[in-house]
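Only one structure is covered here, and it is reproduced in the block below.
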Amino acid sequence: MSEGAAGEALRVFVKEGKVLLELAEQESREGAVQDFIRQKISIERRESLLGLIEAAARLYRSLSVKRIQDAEDFWRRNTHCAALQDALQDLQQLQVQWDAFLQRLDAEAKLGTEALHRDQQLKHVPAETRLRDARTGRAVTLQQYLGGGKKILLVLIRQFSCLLCRLHLQHLQDHQSTLDAHSVKVVVVSFGCEGGASHWLQETGCQYDLLLDPERKLYAAFGLGASVWKVLNFSNMLLYAEYVVNSLPFPRGLPNIQEDMFQLGGDFVVDEHGGVLFSHCCQSPTDRPPLQDIISAL
Numbered sequence: 001m002s003e004g005a006a007g008e009a010l011r012v013f014v015k016e017g018k019v020l021l022e023l024a025e026q027e028s029r030e031g032a033v034q035d036f037i038r039q040k041i042s043i044e045r046r047e048s049l050l051g052l053i054e055a056a057a058r059l060y061r062s063l064s065v066k067r068i069q070d071a072e073d074f075w076r077r078n079t080h081c082a083a084l085q086d087a088l089q090d091l092q093q094l095q096v097q098w099d100a101f102l103q104r105l106d107a108e109a110k111l112g113t114e115a116l117h118r119d120q121q122l123k124h125v126p127a128e129t130r131l132r133d134a135r136t137g138r139a140v141t142l143q144q145y146l147g148g149g150k151k152i153l154l155v156l157i158r159q160f161s162c163l164l165c166r167l168h169l170q171h172l173q174d175h176q177s178t179l180d181a182h183s184v185k186v187v188v189v190s191f192g193c194e195g196g197a198s199h200w201l202q203e204t205g206c207q208y209d210l211l212l213d214p215e216r217k218l219y220a221a222f223g224l225g226a227s228v229w230k231v232l233n234f235s236n237m238l239l240y241a242e243y244v245v246n247s248l249p250f251p252r253g254l255p256n257i258q259e260d261m262f263q264l265g266g267d268f269v270v271d272e273h274g275g276v277l278f279s280h281c282c283q284s285p286t287d288r289p290p291l292q293d294i295i296s297a298l
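Numbering (the working numbering), first residue to last: 1 to 298.
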């Protein structure tokens with residue numbers, strides 16, 4: 001692609017992004033900010049902020065690239081093109097405005113996003129917390145999973161339609177032999193409802209135990225907050241577009257089930273007595289710990 005055509009493609013993307021941002025700013029002023037966050041930001045609404053993902057995917061296709069890194073490499077090689085440089089400046093300005101708007105939403109909605117300091121991190125899992133087995137519907141506690149010489153890797157997921165959570169769990173399943181070699185049993189935790197859990201289990205084929213924590217007691221105990229900015233910041237949106245271009249579309253939630261896409265997740269390993277051996281509070285949907293980091297901490 002010529003430098004001029006690349007500059008035009010980037011200009012179109014920036015224009016689309018500005019339209020999405022302007023609409024979001026307008027809608028956020030029409031009522032309570034919590035209602036805007038819950039009702040107006042949806043993957044099903046192409047005109048919502050999430051529309052930037054498809055816009056970025058179109059940009060990548062027009063540049064014949066599949067990663068933002070490849071696009072940035074192309075732009076760096078063509079710094080002599082004035083039109084492209086103007087478009088890049090507009091892109092940087094859009095990023096600043098986009099992220100500032102999301103940070104304002106977090107502040108106005110009073111979303112908790114700060115990870116616990118190391119001295120405050122949970123040292124012992126609240127084993128008597130009442131949960132529900134998603135497959136059987138029975139009330140359970142974590143205490144029932146402790147013992148037997150096994151360590152438990154608790155994977156607290158975001159919403160059921162979180163693609164990155166699904167990919168993380170698939171990676172763990174693909175390396176189950178490594179987990180078995182270190183006596184690690186994976187248990188998935190969700191704040192979702194039983195109907196959503198049943199659909200998720202059928203859709204993913206996940207073989208791990210799935211426990212439901214609708215009151216998010218474990219999420220709170222581990223210091224996991226929620227954040228519009230940490231989920232939808234501009235850099236993340238460009239990363240999400242890579243999955244779309246690589247034929248990994250984002251799952252759609254069930255229309256009759258309300259999810260919370262802004263809840264953050266985490267990975268935590270506890271020993272057979274409930275002592276916490278490893279903690280990772282995700283700072284974004286893309287932030288899951290490498291398996292080697294988990295194993296190295298045991």
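Yeah, the Cβ is synthetic: ideal placement off N, Cα and C, and Gly gets one too.
Three-state secondary structure (DSSP) of residue i
i	result
Leu218	helix
Ile68	helix
Ser247	coil
Val14	helix
Ala115	Residue placement at Ala115 cannot be trusted, given a pLDDT of 49 that sits under 50; the coordinates are not used to answer.
Thr178	helix
Gln207	coil
Arg252	coil
Beta-bridge partners of residue i, as assigned by DSSP
i	result
Cys281	Gly266
Arg132	Ala139 and Leu212
Gly275	His124
Leu291	BP columns for Leu291 are empty, so no partner.
Ser190	Leu212
Lys185	Ile152
Ala226	Gln263
Residue of the options minimising C-alpha distance to residue i
i	options	result
Gly148	Asp271, Leu277, Ala5 and Gln39	Asp271
His80	Glu215, Ala6, Leu179 and Asp70	Ala6
Leu254	Phe160, Leu146, Gln97 and Arg104	Phe160
Glu328	Ser198, Asn78 and Gln263	Nothing in the structure corresponds to residue 328, since the chain is present only between 1 and 298.
Leu142	His175, Gln93 and Gly275	Gly275
Leu277	Asn78, Leu212 and Lys123	Lys123
Ile257	Ser279, Gly195 and Gly266	Gly195
Leu21	Trp98, Pro290, Asn233 and Gln93	Trp98
Val245	Leu84, Ile68 and Ile295	Ile68
Ser42	Lys185, Arg288 and Arg252	Arg252
Glu302	Lys40, Phe13 and His280	Shown here, the chain extends from 1 to 298; a query on residue 302 therefore has no answer.
Arg166	Leu210, Ala107, Leu146 and Leu23	Leu210
Ala107	Gln93, Ala181 and Ala32	Ala32
Any non-hydrogen atom of the ligand PLP within 6 Å of residue i CB
i	result
Leu232	This structure lacks the ligand PLP, and indeed carries no ligand of any kind.
Exercise for the section: Decide if the region 128 to 142 is in contact with the region 46 to 60; the criterion is three or more beta carbon pairs, one per stretch, under 8 Å apart. Expected result: no
Practice task
Could you say if the region 40 to 56 and the region 230 to 246 meet the contact criterion of at least three C-beta pairs nearer than 8 Å?
Solution key: yes
Practice task
Evaluate the contact criterion for the region 26 to 37 versus the region 215 to 223: three or more CB pairs, one atom per stretch, below 8 Å.
Solution key: no
Practice task
Jot down the residue ranges of each uninterrupted alpha helix (DSSP H) in the region 147 to 176, minimum 4 residues, whole runs only, in chain order.
Solution key: 163 to 174
Practice task
Could you tell me whether the region 189 to 204 touches the region 86 to 105, using the rule of 3 or more Cβ pairs below 8 Å?
Solution key: The answer is no - the region 86 to 105 does not touch the region 189 to 204, with fewer than three Cβ pairs under 8 Å.
Exercise for the section: Any chance you could list the alpha helix (DSSP H) runs of at least 4 consecutive residues sitting entirely within the region 27 to 99, in chain order? Expected result: 33 to 40, 51 to 63 and 68 to 77
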